[in-house]
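*Asks:* Next up is a structure, given as structure tokens.
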């Protein structure tokens, strides 16, 4: 009996040590930044073997009956509400930053451009996935029209929705405005489109009206909705919390190919 | 250890053309095997614990090319919490049509501050020990790289030295039903090979190790890669299609995790039953004592 109790205590003690050791490890900045280096390995390796290969495309028979709307589904910001009320008649997509000729495109302008339609799978970082059909102009030709400068390294998507600007772990304050960024490889990828339609109909507010990004080789949080501005930059270090995206500022990988 | 104590005295003296009597203590595991084994222990521990944390972000599994909240017909496994008839919240785990109340462990469990919380796996099983998808993913993918590079090192080295072919891969004649049955019976009686017979893995060990090495872990790695949109695109969607879709691949990833845990439980139980000191020492220093030859009346 006493042996059992002592063994039991030993077991609980060892378990407790393990749990507290794990807690200290997961709280350690050094350990976390070390394991975070795996992101560069994944990014480099996938760029090496991936190049400009296309994400798998599906058929209409594969469409999800209900495509889950996630993140912001009904932005309350005044500016955005006004655009919704005006059916986006006065809405403009601004393309600027490190470009020779900044652009201001209306929804009609976007729809006049040659569109690409693709049926792809949306993989959420949480683990669920859904298949949808997306239609819109490719980002690449738009960036070419704007005359991307040689100094540009990334393309940032600034969105209309504020998803909450709580103070982060490091104490820095973000505005909470949603934004995302990709490298030029993904910006010029043939399946990277500014989608204005989903499943053959104009995008609903829940899915990012009037336009959202489709960057098909990356996870759901890269598929920025309510895009207002496309900015070419050489660094996003001084933007918000400096990690290149809303979720990146909250610890998620910037390269969301995995 | 008394490695030469049992050397029969009437053997001819050692020298050219004579065979030394085989010793009781010998180097059982090469240094590569030992190092890779312990890196594997560390990696699999972190992969399972961080994987359970990742799973908690969406504690449901589906069959097919996709699966999300509304896809009830595709969902075959879920861990959740709901109010019972008495209006009390309870943890419920569903596998197919079978619902199990798992309050306290799965679905509804206690956080470190003692508060009941609705969460798939409890904090004490996950890494980090609180719900943190971003951090869990970073540790998961770090150790995914480690286990792949470690596994490749072991496999390439062991194929080159023919360790895999000679010691791990099941031998055809061992697969004879009589031999299989003999091994199963002696295992059930907890009678393990002793003496020189213990210098080679018997068929159940070979099946367990090669099944884990060549089936389970590759399945784990490839179903894991099937969830990576970047890797999928690089292979034109080949990987998830191979398994019947990404949602199915995610399900298989979870099932192979369960099978890996089953392997670990049996493996550790066998180490304890077969003599933990000798077994664990052999995986640290390499030295292993096969013990005295079994007496005639035990044969």
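Protein chains in written order, with our numbering: chain V, 1 to 258; chain R, 259 to 557.
Using N, Cα and C, we set each Cβ at its ideal position, and we do this for glycine too.
All of these numbers come straight from a predicted model, not from anything done at the bench.
(1) CB residue 99 of chain V to CB residue 158 of chain V, shorter than 9 angstroms?
(2) Since residue 50 of chain V and residue 491 of chain R should fall inside the 8 angstroms C-beta cutoff, what is the C-beta to C-beta distance between them, to a whole number of angstroms?
(3) If you reduce the DSSP assignment to three classes, tell me which class residue 284 of chain R lands in.
(4) Excluding the 5 residues preceding and the 5 following residue 384 of chain R in the sequence, name in chain order all residues of the same chain whose CB lies nearer than 6 angstroms to its CB.
(5) Could you give the DSSP three-state label for residue 46 of chain V: helix, strand or coil?
(6) For residue 121 of chain V, count neighbouring C-beta atoms within 10 Å of its own C-beta (all shown protein chains included) and say buried if the count is 16 or more, exposed if not.
(7) Flag this pair as yes or no: are the beta carbons of residue 489 of chain R and residue 46 of chain V separated by less than 9 angstroms?
(8) Could you spell out the range, first to last residue, of the alpha helix (DSSP H) harbouring residue 144 of chain V?
(9) From this set, V/250, V/193 and V/201, which residue's C-alpha is nearest residue 214 of chain V's C-alpha?
(10) Check each candidate in V/90, V/103 and V/235 and name the one with the smallest Cα separation from residue 155 of chain V.
(11) Give the secondary structure of residue 485 of chain R by DSSP, where H, G and I count as helix, E and B as strand, and everything else as coil.
(12) With distances taken between CB atoms, is the gap from residue 116 of chain V to residue 137 of chain V smaller than 9 angstroms?
(13) Could you tell me whether the segment 496 to 516 of chain R touches the segment 218 to 226 of chain V, using the rule of 3 or more Cβ pairs below 8 angstroms?
(14) Quick one: which residues of the segment 353 to 387 of chain R get their C-beta closer than 7 angstroms to a C-beta of chain V? List them in chain order.
(15) Along the chain, where does the alpha helix (DSSP H) containing residue 252 of chain V start, and where does it finish?
(16) Which term fits residue 203 of chain V, buried or exposed, when burial requires 16 or more other beta carbons within 10 angstroms of its beta carbon?
(17) May I ask which residues mark the beginning and end of the beta strand (DSSP E) holding residue 239 of chain V?
(18) With distances taken between CB atoms, is the gap from residue 478 of chain R to residue 419 of chain R smaller than 9 angstroms?
(19) Going along chain R, which residues have a C-beta under 7 angstroms from residue 246 of chain V?
(20) Checking the sheet assignment: what are the DSSP bridge partners for residue 212 of chain V?
(21) Assuming residue 366 of chain R and residue 386 of chain R are in contact, meaning their beta carbons sit under 8 angstroms apart, how far apart are those beta carbons, in whole angstroms?
(22) Could you spell out where the alpha helix (DSSP H) holding residue 540 of chain R opens and where it closes?
(23) Counting along the chain, where does the beta strand (DSSP E) carrying residue 109 of chain V start and finish?
(24) For residue 72 of chain V and residue 325 of chain R, which I take to be in contact (beta-carbon distance under 8 angstroms), what is that distance rounded to the nearest angstrom?
(25) Use the C-beta contact count for residue 447 of chain R: other C-beta atoms within 10 angstroms, 16 or more gives buried, fewer gives exposed.
(26) For a quick check, are the C-beta atoms of residue 199 of chain V and residue 113 of chain V less than 9 angstroms apart?
(27) To the nearest angstrom, report how far apart residue 119 of chain V and residue 258 of chain V are at their CA atoms.
(28) What are the boundary residues of the alpha helix (DSSP H) that residue 303 of chain R is part of?
(29) If contact means a Cβ-Cβ distance below 9 angstroms, which residues of the segment 511 to 527 of chain R contact chain V?
(30) Give the straight-line distance between the Cα atoms of residue 178 of chain V and residue 350 of chain R, rounded to the nearest whole angstrom.
(31) What residue does the alpha helix (DSSP H) around residue 376 of chain R start on, and which one ends it?
(32) May I ask you to list the residues that DSSP assigns as paired with residue 340 of chain R?
(33) Tell me the residue span of the alpha helix (DSSP H) that contains residue 90 of chain V.
(34) Is it buried or exposed for residue 505 of chain R, if we count other Cβ within 10 angstroms and need 16 for buried?
(35) Buried or exposed: residue 515 of chain R, going by 16 or more other Cβ atoms within 10 Å of its Cβ?
(36) Decide if residue 13 of chain V is buried, meaning its Cβ has at least 16 other Cβ atoms within 10 Å, or exposed.
*Replies:* According to the structure shown:
(1) no
(2) Confirmed, Cβ separation roughly 6 angstroms.
(3) strand
(4) 307, 310 and 311
(5) helix
(6) buried
(7) yes
(8) 139 to 146
(9) V/193
(10) V/235
(11) coil
(12) yes
(13) no
(14) Result list: 382, 385, 386 and 387.
(15) That residue, residue 252 of chain V, is in no alpha helix (DSSP H); it is neither H nor E in DSSP.
(16) buried
(17) According to the DSSP assignment, residue 239 of chain V belongs to no beta strand (DSSP E), since it is labelled neither H nor E.
(18) no
(19) What residue 246 of chain V touches in chain R: nothing, since even the nearest Cβ is about 12 angstroms away.
(20) BP columns for residue 212 of chain V point to V/195.
(21) Not really, about 20 angstroms apart at Cβ, beyond 8 angstroms.
(22) 534 to 542
(23) First-last for residue 109 of chain V: 107 to 112, but that is the alpha helix (DSSP H), not the beta strand (DSSP E).
(24) No, residue 72 of chain V and residue 325 of chain R are not in contact; Cβ-Cβ is about 23 angstroms, not under 8 angstroms.
(25) exposed
(26) no
(27) 20 angstroms
(28) 289 to 313
(29) none
(30) 35 angstroms
(31) That residue, residue 376 of chain R, is in no alpha helix (DSSP H); its beta strand (DSSP E) goes 374 to 377.
(32) R/348
(33) Taken as a continuous stretch (DSSP letters only), residue 90 of chain V belongs to no alpha helix (DSSP H), as it is neither H nor E.
(34) buried
(35) When all chains shown are included, residue 515 of chain R counts as buried.
(36) exposed
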